[in-house]
Structures are given as C-alpha cells and as structure tokens.
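Here the sequence shown is numbered in this note's numbering, starting from 57 and rising by one per residue. The beta carbon of each residue, even a glycine, is placed where N, CA and C say it ideally should be. So the structure is just underneath, and the comments pick up after that.
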Amino acid sequence: MIYMRGNRFDYDQWALLGNPGWSYEDVLPYFIKAERQADLHLAGDRLHHGTRGPLVVKTQAMRTPLMHAFMKAGQFMGYETGDPNGFVQS
Numbered sequence: 057m058i059y060m061r062g063n064r065f066d067y068d069q070w071a072l073l074g075n076p077g078w079s080y081e082d083v084l085p086y087f088i089k090a091e092r093q094a095d096l097h098l099a100g101d102r103l104h105h106g107t108r109g110p111l112v113v114k115t116q117a118m119r120t121p122l123m124h125a126f127m128k129a130g131q132f133m134g135y136e137t138g139d140p141n142g143f144v145q146s
C-alpha cells in the first residue's frame, strides 16, 4: 500500500475557493498527528512527519527490479524521488 498525502496546491485551492480550514498549513498538523513514521531519517523531520500516530508509515523494504525501473524512469523524466510527504512534493 502507498501512503501519499494530497498535494499542497490542491488543499490551498480548496481554501481559496471558500473552504476555511482546508489549506495545506491547516491540515498538515492532522497528517502529522495521524502518522507514525518508522524511517529514522524521515522521522527526524518533525515539521512534516509524526512519530506517535496510529498510521505506521515506512519506506518499502523489498526492492524489486520493477520498482527500480519505475524509480529510474521517474528520475529520467526529472521527478525527485525523495520524500513525497515532505517539504518538496513531486
């Protein structure tokens, strides 16, 4: 299963359309509160990740050839392959 938050732009657009409380900055604390980030290198980013929530989130441990090809194709097209739930979402 993949856990990926919606894009910052979408939430901000909802707020601009007259939905107060739905900007990315408004909903981010709830994402953090729900998350239990299991990857130590990501859990240290307390501005974007939680460590005490009920939803355990971690990087896929099993790396298949198909996954490597998929990631390489994304990098080739210019997409970053870092943390999709961090500061830079791509």
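- The segment 97-109 makes no contact with the segment 71-82; the number of CB pairs closer than 8 Å stays below 3.
- Between the alpha carbons of Phe87 and Lys128 lies a gap of roughly 28 Å.
- Around the C-beta of Gly106, 16 or more other C-beta atoms lie within 10 Å, and the residue is accordingly described as buried.
- Judged by DSSP in its simplified three-state form, Leu73 adopts coil rather than helix or strand.
- For Glu91, the three-state secondary structure derived from DSSP is strand.
- Here DSSP, grouped into helix, strand and coil, assigns Leu84 to helix.
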